[in-house]
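Below you'll find the structure, written out as structure tokens, and then a few comments.
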Amino acid sequence: MSGKKNSELKDIIKSSKQNETSESEESDEEEKNVTTEKKKKSPQKLTKYQKFVQEEHPKLKDEYSNEDIFKVIGDRWRSSPDNPKNV
1 MSGKKNSELK DIIKSSKQNE TSESEESDEE EKNVTTEKKK KSPQKLTKYQ
51 KFVQEEHPKL KDEYSNEDIF KVIGDRWRSS PDNPKNV
């Protein structure tokens with residue numbers, strides 16, 4: 001190859017590497033924007049079970065240990081009219 005063609009090829013390679021770098025930086029910024037958009041979404045609605053637990057837990061907190069509270073809540077949930085399986 002001639003010297004002129006060699007320098008042209010080197011220039012092309014340099015410019016393509018620079019383009020790749022700027023494109024990857026842009027994609028990084030886009031990813032950051034997407035993750036912040038996900039964080040901005042409002043939280044999901046609580047399920048009926050989660051609401052039931054929130055109501056029952058404070059009532060049982062003084063009587064039972066944490067492990068036992070959830071056993072009792074589970075037993076109550078099985079027979080609760082709020083449980084969709086009991087409807």
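Sequential numbering of the sequence shown, starting at 1, is according to full-length UniProt numbering. Just so you know, even glycine gets a beta-carbon here, dropped at the ideal spot from N, CA and C.
| task | May I ask you to report which of helix, strand or coil DSSP gives ASP11? | result | Position 11 of the sequence shown, counted from the start, is the residue given in the question as residue 11. ASP11 falls in the helix class under three-state DSSP.
| query | Rounded to the nearest angstrom, how far is the Cβ of ARG78 from that of GLU56, given a contact under 8 Å? | reply | On the sequence shown, residue 78 is found 78 positions in, with the first residue counted as 1. On the sequence shown, residue 56 is found 56 positions in, with the first residue counted as 1. Actually they are not in contact, since the Cβ atoms of ARG78 and GLU56 sit about 13 Å apart, beyond 8 Å.
| Grouping DSSP H, G and I as helix and E and B as strand, with all else coil, what is SER16? | Within the sequence shown, the letter at position 16 stands for residue 16. Here SER16 sits in helix by DSSP.
| Looking at PRO84 and LYS48, is the spacing between their C-beta atoms short of 8 Å? | Here residue 48 is taken as the residue at index 48 of the sequence shown, counted from 1. Here residue 84 is taken as the residue at index 84 of the sequence shown, counted from 1. Against a cut-off of 8 Å, the Cβ pair of PRO84 and LYS48 comes out as a contact.
| In terms of residue numbering, what span does the alpha helix (DSSP H) encompassing ASP75 cover? | Taking the first residue of the sequence shown as position 1, residue 75 is located at position 75. It spans 66–79 - the alpha helix (DSSP H) in which ASP75 sits, taken as one unbroken run.
| message | Taking a contact to mean a Cβ-Cβ separation below 8 Å, would you say TYR64 touches VAL53 in this structure? | response | Locating residue 64 in the sequence shown gives position 64, counting from the first residue. Locating residue 53 in the sequence shown gives position 53, counting from the first residue. Not a contact, by the Cβ cut-off of 8 Å.
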